[in-house]
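I have placed the structure first, in the form of structure tokens, so that the comments after it can refer back to it.
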Amino acid sequence: MNPRNDTSARPRPRWGVFSRPDFRLLWVGETVSGLGNSVTVVALPLIAVVGLGAGSTAVGLLTAAVWLPWLLVGLPVGAWVDRSRKRPLMIACDLAAAAALLSVPAAAWLDALTFRHLVVVALVCGTAAVCFNTAYHSYIRIALDGRDLLEGNAKLQGSAAATQIAGPGVAGLLAQALGAVTALVADAVTFLVSAVCLQRIGAVEPDRAPCAERASLRRQIMAGLRFVGRDPYLRPMVTWGAAINMALMGYQAVQVVFLVRTVGLNPGTVGLLLTSGSAGGVVGALVATRLSRRFGTGRGLLLLQLTTSPFVLLLPMTTAGPGLLLFATGSFLVGVGISVANIVVGTFRQIYCPPHLLGRVVATAMVINHSTIPLGSLLGGVLGDAVGYRPAMWIMTGVVAPCWLILAMSPMRRMRDLPQARTPEQAHAKG
Numbered sequence: 090m091n092p093r094n095d096t097s098a099r100p101r102p103r104w105g106v107f108s109r110p111d112f113r114l115l116w117v118g119e120t121v122s123g124l125g126n127s128v129t130v131v132a133l134p135l136i137a138v139v140g141l142g143a144g145s146t147a148v149g150l151l152t153a154a155v156w157l158p159w160l161l162v163g164l165p166v167g168a169w170v171d172r173s174r175k176r177p178l179m180i181a182c183d184l185a186a187a188a189a190l191l192s193v194p195a196a197a198w199l200d201a202l203t204f205r206h207l208v209v210v211a212l213v214c215g216t217a218a219v220c221f222n223t224a225y226h227s228y229i230r231i232a233l234d235g236r237d238l239l240e241g242n243a244k245l246q247g248s249a250a251a252t253q254i255a256g257p258g259v260a261g262l263l264a265q266a267l268g269a270v271t272a273l274v275a276d277a278v279t280f281l282v283s284a285v286c287l288q289r290i291g292a293v294e295p296d297r298a299p300c301a302e303r304a305s306l307r308r309q310i311m312a313g314l315r316f317v318g319r320d321p322y323l324r325p326m327v328t329w330g331a332a333i334n335m336a337l338m339g340y341q342a343v344q345v346v347f348l349v350r351t352v353g354l355n356p357g358t359v360g361l362l363l364t365s366g367s368a369g370g371v372v373g374a375l376v377a378t379r380l381s382r383r384f385g386t387g388r389g390l391l392l393l394q395l396t397t398s399p400f401v402l403l404l405p406m407t408t409a410g411p412g413l414l415l416f417a418t419g420s421f422l423v424g425v426g427i428s429v430a431n432i433v434v435g436t437f438r439q440i441y442c443p444p445h446l447l448g449r450v451v452a453t454a455m456v457i458n459h460s461t462i463p464l465g466s467l468l469g470g471v472l473g474d475a476v477g478y479r480p481a482m483w484i485m486t487g488v489v490a491p492c493w494l495i496l497a498m499s500p501m502r503r504m505r506d507l508p509q510a511r512t513p514e515q516a517h518a519k520g
């Protein structure tokens with residue numbers, strides 16, 4: 090048995106992965122950086138609207154600029170990460186994001202801030218996020234050994250969900266107290282804190298594979314695509330991720346206008362309801378490790394998707410008054426299911442994939458999964474205008490509910506636990 094994956098080789102520390110100094114630093118850095126990202130998502134549009142008088146089309150362009158780097162550079166970044174040191178790259182990404190954000194208040198104080206400047210900042214921060222996240226998913230495997238990966242990913246996913254809840258509120262408070270432009274100074278500080286935490290981590294990265302330098306970038310990218318496309322576990326996971334993202338973004342694109350215009354809610358109530366999904370994400374992160382140990386990583390993943398996905402159909406049933414509990418319950422349970430799935434799938438990739446291919450596998454999965462986000466948003470919006478908001482909610486939530494069948498048709502339906510390594514017969518991809 091591989092000692093990295095041995096779950097019984099030694100007693101577990103009282104505080105679990107938090108007893109490991111390297112993980113504590115990684116967790117603090119990632120949590121603070123995640124809070125910064127959540128603030129950025131709100132602060133940049135606020136600056137565009139309040140400071141520059143931008144309209145909805147301009148704000149949409151600004152939002153798209155954050156996601157566009159995944160489609161433009163996601164695959165090359167995966168190959169680059171596989172032949173680079175992860176920690177220095179992550180530190181450089183934090184510093185680049187901090188510098189880009191600090192340029193906004195500097196330009197504003199010089200009375201030189203333009204919308205084009207904000208778009209460039211969004212692109213820089215988006216590109217830094219692509220590089221950071223790809224390297225970060227590979228680096229967790231270096232900072233933790235195999236038996237701690239599931240718990241470590243659960244802690245990181247939980248803090249990510251918590252920052253998604255807190256981020257918009259923090260951004261609003263900072264913008265109210267300091268002004269939206271000055272709030273970006275505090276935002277930049279979060280990335281600097283992350284860089285300092287990463288710099289203090291003592292885990293030693295293994296030497297790069299010799300072939301990593303010789304192979305062309307195109308060949309390395311194709312190796313990652315082949316690895317995912319041919320693998321009986323990764324392929325359905327990526328397919329499920331793409332399908333569920335499209336469906337989730339489809340109903341999320343119309344849920345605000347549905348709640349305001351169809352259900353008749355005020356903005357405060359809408360905001361409160363929308364936190365229920367993130368709250369479910371926090372709970373999912375708290376129970377993921379226990380569920381996986383009780384039912385197994387493969388069986389537990391399928392059981393939870395089977396039992397939580399249908400509750401998404403409560404959302405289009407929402408009415409004013411007590412009927413709001415339908416929306417809160419559905420969003421919460423879907424959030425639980427998605428959070429646990431992200432933790433289990435992410436941990437599986439880290440254990441299962443060869444280290445020299447992990448960056449490319451992560452990048453391939455994220456590029457494919459992120460590519461359906463704008464498609465789902467567009468589809469949901471078009472359906473809302475064409476057939477009405479409640480029917481659009483029914484259609485898109487109706488796509489979410491059966492997505493678990495993609496996973497059920499894979500070999501994991503016959504397994505209690507997902508495999509920890511490829512069999513020789515499966516090992517076709519070369520780095």
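Position 130 of the sequence shown, counted from 1, bears residue number 219 in the working numbering, the numbering being contiguous throughout.
Glycine included, every Cβ here is placed at the ideal spot set by N, Cα and C.
Just so it is clear, the structure is predicted and the values come from calculations on it, not from any experiment.
Per DSSP, I495 is one residue of the alpha helix (DSSP H) stretching across W493 to A497.
The three-state secondary structure of E240, taken from DSSP, is helix. In this structure, A218 is the residue among A218, A195 and F107 with its C-alpha nearest to the C-alpha of A154.
Between L287 and G448, the CB-CB gap reaches or exceeds 9 Å. Nearest neighbour of V343 by Cα position, chosen from L161, V359 and A332, turns out to be V359. Taking 8 Å as the upper bound for CB-CB distance, G247 and L375 are in contact here, some 6 Å apart. Taking a 10 Å sphere around the C-beta of W116, we find 16 or more other C-beta atoms and assign the residue as buried. DSSP places G410 in no alpha helix (DSSP H); its state is neither H nor E. With a contact defined as Cβ atoms closer than 8 Å, A243 and V210 miss out at about 33 Å. Burial check for T396: the Cβ neighbour count within 10 Å stays below 16, so the residue is exposed. Taking a C-beta distance under 9 Å as the contact criterion, L363 and S420 qualify as a contact pair.
Here G385 carries a coil assignment [DSSP, helix/strand/coil].
Nearest neighbour of R324 by Cα position, chosen from T203, V450, G125 and G385, turns out to be V450. The DSSP-derived three-state label of E294 is coil.
Counting the other Cβ atoms within 10 Å of the Cβ of S305 gives fewer than 16, which makes it exposed. Between T129 and C214, the gap from beta carbon to beta carbon is short of 9 Å. By the neighbour-count criterion, in which 16 or more other beta carbons inside 10 Å mark a residue as buried, P110 falls on the exposed side.
With a 10 Å radius around the Cβ and a threshold of 16 neighbouring Cβ atoms, R307 comes out exposed.
CA-CA distance, A195 to Q341, rounds to 35 Å.
Leaving aside the five residues that flank L184 on each side, the residues in its chain whose CB is nearer than 6 Å to its CB run, in chain order, A284. A275 has its alpha-carbon roughly 15 Å from the corresponding atom of T252. Here Q394 carries a helix assignment [DSSP, helix/strand/coil]. Relative to the Cα of L393, the nearest Cα in the group M406, T408, A377 and P405 belongs to A377.
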